[in-house]
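See structure below.
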Amino acid sequence: MNETAPLTVDVVSDVMCPWCFIGKRRLEAALKSVPQLNVEVRWHPFQLDATLPKTGKDRQQYLNDKFGGPANAASVYDRIRDAGQLEGIPFAFEDIKLSPNTLDCHRLVLWSRADNVQSDVVERLFKAYFLDGEDLTKAETLVRISEEAGMESDLVEQLLETETDLDKTEAQIAKAQESGITGVPCFIIDGRFVLAGAERAETIAAALLHAEETRSDPEAV
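In the working numbering, the protein residues as written are 118 to 338.
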């Protein structure tokens with residue numbers, strides 16, 4: 118192995134965004150197709166709906182308010198379900214009872230970086246919500262996920278009872294919005310190239326290769 122610094126991929130996403138789950142799968146497929154690249158993936162917060170209360174909102178009411186009725190919501194989610202199936206994601210939208218405020222989820226993702234398990238925690242949050250219909254507003258759900266990922270769950274439990282890093286998380290979300298990000302997922306490659314939306318794996322892989330080829334100082338650590 119040489120000492121070349123890893124190529125960074127900063128992923129701005131929200132746990133309650135199904136396209137972000139699909140985007141994660143496509144990013145993973147892209148990375149597998151370019152094994153010669155040394156890539157570091159970092160996850161950053163975004164909120165599709167910051168108005169949701171901390172305790173969440175009834176899922177059906179949320180969908181009715183957002184899409185104007187169950188028929189419109191079904192049309193939108195049928196398309197997402199089909200896209201998910203192509204990526205091996207068996208979305209179970211019918212099992213979701215609550216649309217969560219995801220700030221605490223984002224705090225958990227932030228803390229997980231210190232243990233180098235960010236992608237694992239993000240994966241577990243996506244699965245808990247979209248496959249198992251779990252309530253992500255409950256601290257015990259997040260604590261269990263942290264334990265399964267190998268984090269210090271006792272510490273996570275204590276931190277969730279406080280406002281630790283809440284301001285930092287909100288500031289990161291505001292920064293993303295100020296930089297022009299209005300939807301997620303958003304992939305920022307090497308701090309230079311932006312892919313907005315759940316692009317195909319082939320597109321992500323091509324962008325990774327182009328970023329690697331055009332690095333100004335590829336030997337810098």
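Using N, Cα and C, we set each Cβ at its ideal position, and we do this for glycine too.
Keep in mind it's a predicted model, so treat the numbers as computed, not measured.
- Take the alpha-carbon of glycine 140 and the one of leucine 272: they are about 30 angstroms apart.
- Short of 8 angstroms from the beta carbon of proline 170, and not among the five residues preceding or following it, lie these beta carbons of its own chain, in chain order: Asn218.
- With a 10 Å radius around the Cβ and a threshold of 16 neighbouring Cβ atoms, arginine 196 comes out exposed.
- Contact between the region 257 to 264 and the region 280 to 299 is absent, with fewer than three C-beta pairs closer than 8 angstroms.
- With contact defined as three or more Cβ pairs closer than 8 angstroms, the region 152 to 166 and the region 120 to 134 are in contact.
- By the 16-neighbour rule on beta-carbons within 10 angstroms, serine 192 is exposed.
- Look at the beta carbons and you see the region 272 to 286 not touching the region 231 to 246: under three pairs across the two are nearer than 8 angstroms.
- The distance from the Cβ of alanine 288 to that of isoleucine 306 is about 23 angstroms, inconsistent with a contact at the 8 angstroms cut-off.
- For the pair of segments examined, the region 137 to 151 was found to touch the region 310 to 322: the number of CB pairs separated by less than 8 angstroms reaches three.
- Its chain contains Thr121, Pro123, Leu124 as the residues whose beta carbon lies nearer than 7 angstroms to that of asparagine 155, once the 5 sequence neighbours on both sides are disregarded; these appear in chain order.
- Arginine 142: not part of any beta strand (DSSP E); member of the alpha helix (DSSP H) spanning 135 to 150, first to last residue.
- For valine 238, the enclosing alpha helix (DSSP H) has its first and last residue at 235 to 243.
- Taking C-beta separations shorter than 8 angstroms and ignoring five residues to either side along the sequence, the partners of glutamate 251 in its chain run Ala245, Thr258, following chain order.
- In the DSSP assignment, serine 270 falls within the unbroken alpha helix (DSSP H) covering 270 to 277.
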